[in-house]
Structure formats: C-alpha cells, structure tokens
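FYI, in my numbering the residues of the sequence shown are 1 to 298.
These notes concern the structure reproduced below.
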Amino acid sequence: MMKTTENNWGRWGNEDEMGALNLLTPEMVRTATQGIRNGKVYSLGIPIQSSGVPLLEHRGTPMRLTLTNESDEENFALFGAPVGTGTNEDLLVFASHTTSHIDALCHVYHEKKHYNGVPASEMKTQTGARKLGIEKLGGIAAHATLLDVAGYFNVEWLEPGHTITADDLDKCAHTQGIEVRKGDLVLIRTGYLDYWFAKNPDVGFDQPGIGADAARWLVNKDVVAVGSDNAALEVIPFDDDDFLCVHKILLVHSGIYIMEFLNLTEMAQDRCYEGLITVAPLKITGATGSPVNPIVIG
Numbered sequence: 001m002m003k004t005t006e007n008n009w010g011r012w013g014n015e016d017e018m019g020a021l022n023l024l025t026p027e028m029v030r031t032a033t034q035g036i037r038n039g040k041v042y043s044l045g046i047p048i049q050s051s052g053v054p055l056l057e058h059r060g061t062p063m064r065l066t067l068t069n070e071s072d073e074e075n076f077a078l079f080g081a082p083v084g085t086g087t088n089e090d091l092l093v094f095a096s097h098t099t100s101h102i103d104a105l106c107h108v109y110h111e112k113k114h115y116n117g118v119p120a121s122e123m124k125t126q127t128g129a130r131k132l133g134i135e136k137l138g139g140i141a142a143h144a145t146l147l148d149v150a151g152y153f154n155v156e157w158l159e160p161g162h163t164i165t166a167d168d169l170d171k172c173a174h175t176q177g178i179e180v181r182k183g184d185l186v187l188i189r190t191g192y193l194d195y196w197f198a199k200n201p202d203v204g205f206d207q208p209g210i211g212a213d214a215a216r217w218l219v220n221k222d223v224v225a226v227g228s229d230n231a232a233l234e235v236i237p238f239d240d241d242d243f244l245c246v247h248k249i250l251l252v253h254s255g256i257y258i259m260e261f262l263n264l265t266e267m268a269q270d271r272c273y274e275g276l277i278t279v280a281p282l283k284i285t286g287a288t289g290s291p292v293n294p295i296v297i298g
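In structure tokens:
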C-alpha cells in the first residue's frame, strides 16, 4: 500500500507491528549523535507517586507497597542470612499510562481498527493486546528536536484550550534555528507541567496541545514519535470536537508513538533544542503503554 498524507497502513508490510519505528535505520541513529553539543543529560520523566504530580482520576492512584523490609528477618534467616542482613523490596501498582509514559500502538482504535488494520477485538481483557503491545516497541534511540511553543509565544505556559497549529510548529522551529527531520522524535513544550505545579489543585482537565493540522504536519515530516508535557499531547477540548483526533492521526493512521507528561522545562531553559534521546519502555507483554524516563543528551 502506498503511503498517503496520513496513513501508513501497509507501508512496512501488512503484518507490521512497529509502525514509524521502521524509519530508524542504524545510519539515522549514528547521525543522531551529531545533535549532542555539551553532553548534558536531561531526565524527562516525572516521579510515579501518590500525590504531588498530575494524576488522572480514572486511572487511579499509584501505590508503592513494601514487600519485604527489616521486619522480615526471620524469613531471611531461612535462606541463611545472618542477623542484621536482609533486603527491602516493593510491590508497585499503577496504571500503565500514569505520569510520564509512552502509548503503544494498541492504545487507541478508530472504527474498530488499530494501526495497520489490526481489529480492536485483538485486545483481550485477560491477556491484553495480542498484537501491537508495548513489548513490540523494544526501545528508541533517535535525534530529538524540542519545539518550545510556550517559549515561542513568550509565555510561561499556554492557556488551557490553546490549540497549537502546524504554522505554530513551523514558525517555532524556524525561530529556534532547527529543522524537524525524517526519523526525529519531536518534543513539544506547552508549559502545562509548570502551569499544573503553579495552580494545583485548581487545574481542570482542559489543557493546551496540538490540533489536527499540527498532527498532520508531524506525519508529513516522517517523525517516529512525539512527546509533550501535557496529559494527552492534543488540545482539550478536542480540536473540532473530534474525540482523540490527534491520537487517531498519529497512533492509528500513522504508527507514530506518543509520549505524555514529560518534563521539558530544563531543556527549554537551557535552550537545548536538539540532542540524542533514548526511550526504553518496560517490556510488558500485551500492555497498551509503559512508564518511561526518556533521557536526552544535549
């Protein structure tokens, strides 16, 4: 099938489950290192904790439970541990799309189809996704470009409901003196996290983000993934009242991965607009997403 403006189905074969990650050749990864300027390391993940970070009510509150600690020394002794020696371990319970995370290609479906025409029925309640699960992604190493849209508009943050357009992305890149290239992982800063930390707990669900034409701009740039500092990448209320229109364009039609709730403030403050980014989701078989702590070397 020939690639169209916003449909990559069949582009890498009818059985493909990798999506736009197919664009990342070894040569592209080698070239990505040329974006490193001073070697500073940026951690883009925000903590997974029960309070003090943006959480969506319908996804529940993350829980970290103590599995073993000093009080279990009698059990440690069964394994030959001397008094005063033992282990501390945790049990973690949280939604796969909690705080900083990446969406698998099975996260969203439209007209009962996932990316590449995979039926929505492939997602099972007990076993998860039989196709397009997060384990198929493996990992990403790519050239990162940061588009600080809030900075372009010379504000701390864009107001809730502000729609970022294709023209905004184009002009932002031009102003920053960078070019979004084929195979890039694009980071878009709206300032939403700074807004959340300043206004919490009075933040509603409305937020700034990209609209449909900005999503198509990214598709036409042939990017592999897009990350943002908000909850959904796309503007809420949704552009043209079209539910998850950006997710449909990127994930479903194009196989382009989405990351959300990334901390992009430090990169923006340093005016670090390029670098090498690595993303390593947990290989959870059949999962619709995974927490991540993307690392950028700028």
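All C-beta atoms, glycine included, are put in the ideal place defined by N, C-alpha and C.
Q | Residue ranges of each alpha helix (DSSP H) within the region 127-215, 4 or longer | A | Fully contained in the region 127-215 are the following alpha helix (DSSP H) runs of length 4 or more, in chain order: 149-152, 166-176 and 192-199.
**Q.** Three-state class that DSSP yields for residue 290 in the structure shown
**A.** Collapsing the DSSP output to three states places residue 290 in a strand.
Q) Across which residues does DSSP place residue 68 in a beta bridge pair? A) Paired residue(s): 89.
Q. What are the start and end residues of the beta strand (DSSP E) that includes residue 225?
A. From DSSP, the beta strand (DSSP E) with residue 225 extends over 225-228.
Q | Nearest-angstrom Cα separation, counted from residue 12 out to residue 66 | A | CA-CA distance, residue 66 to residue 12, rounds to 45 angstroms.
Q.
Could you give the first and the last residue of the continuous alpha helix (DSSP H) run that contains residue 29?
A. Its alpha helix (DSSP H) spans residues 26-32.
Q | residue 18 (DSSP reduced to helix, strand or coil) | A | Here residue 18 sits in coil by DSSP.
Q: Going by DSSP, name the residue or residues bridged to residue 13.
A: Under DSSP, residue 13 forms a beta bridge with 10.
(Q) I'd like the span of the alpha helix (DSSP H) that includes residue 74, first residue to last. (A) Run containing residue 74: 73-77, per the alpha helix (DSSP H) assignment.
Q: Compare the C-beta of residue 46 against all C-beta atoms of chain B and say whether one is closer than 9 angstroms.
A: Here there is only one protein chain, and chain B is not present.
Q) Cα-Cα, which of 79, 298, 98 and 87 is closest to residue 63? A) Checked all of 79, 298, 98 and 87; the closest Cα to residue 63 is 98.
Q) Taking just the CA atoms, how far does residue 48 sit from residue 151? A) Here the alpha carbon of residue 151 sits roughly 27 angstroms from the alpha carbon of residue 48.
Q | Residues sharing a beta bridge with residue 275, DSSP | A | Partner residues in the beta bridge of residue 275, as assigned by DSSP, are 144.
Q | Start and end residues, alpha helix (DSSP H) containing residue 266 | A | It spans 265-269 - the alpha helix (DSSP H) in which residue 266 sits, taken as one unbroken run.
Q | Host beta strand (DSSP E) of residue 260 (start-end) | A | First-last of the beta strand (DSSP E) with residue 260: 257-260.
Q) DSSP on residue 113, reduced to helix/strand/coil? A) Residue 113 sits in a strand when the DSSP states are folded into three classes.
Q: Output yes or no for whether 9 angstroms exceeds the beta carbon distance between residue 286 and residue 124.
A: It is a contact, given that the beta carbons lie within the stated cut-off.
Q: Decide if residue 337 is buried, meaning its Cβ has at least 16 other Cβ atoms within 10 Å, or exposed.
A: It is not possible to answer for residue 337, since the shown part of the chain is limited to 1 through 298.
Q: Drop a sphere of 10 angstroms on the beta-carbon of residue 161, count the other beta-carbons inside from all chains shown, and report buried for 16 or more, exposed for fewer.
A: Burial call: exposed.
Q: Tell me residue 43's beta-bridge partners as DSSP assigns them.
A: Partner(s): 295.
Q: Could you check the C-alpha separation between residue 300 and residue 295 for me, to the nearest Å?
A: Limits of the chain in this structure are 1 at one end and 298 at the other, which puts residue 300 out of reach.
Q | Beta-carbon proximity of residue 255 to residue 21, cut-off 9 angstroms | A | Cβ distance < 9 angstroms, so residue 255 and residue 21 count as in contact.
Q | As assigned by DSSP and simplified to three states, the class of residue 248 | A | In the three-state scheme derived from DSSP, where H, G and I count as helix and E and B as strand, residue 248 is classed as helix.
Q: Check the DSSP bridge columns for residue 119 and list the partner residues they point to.
A: Residue pairing from DSSP places residue 119 in a beta bridge opposite 113.
Q.
Within the continuous beta strand (DSSP E) that includes residue 102, where are the two ends?
A. That run of the beta strand (DSSP E) goes 101-103.
Q: On a CA-only basis, which of 164, 167, 9 and 269 is nearest residue 119? Give me that one, please.
A: For the residues 164, 167, 9 and 269, the minimum Cα distance to residue 119 belongs to 9.
Q | Cβ distance (whole Å) where residue 176 is taken to contact residue 109 below 8 angstroms | A | The beta-carbon separation of residue 176 and residue 109, rounded to 35 angstroms, does not stay under the 8 angstroms limit for a contact.
Q.
Given this structure, state the Cα-to-Cα distance separating residue 18 from residue 137, to the nearest angstrom.
A. One C-alpha to the other measures close to 6 angstroms.
Q: Drop a sphere of 10 angstroms on the beta-carbon of residue 163, count the other beta-carbons inside from all chains shown, and report buried for 16 or more, exposed for fewer.
A: So residue 163 counts as buried.
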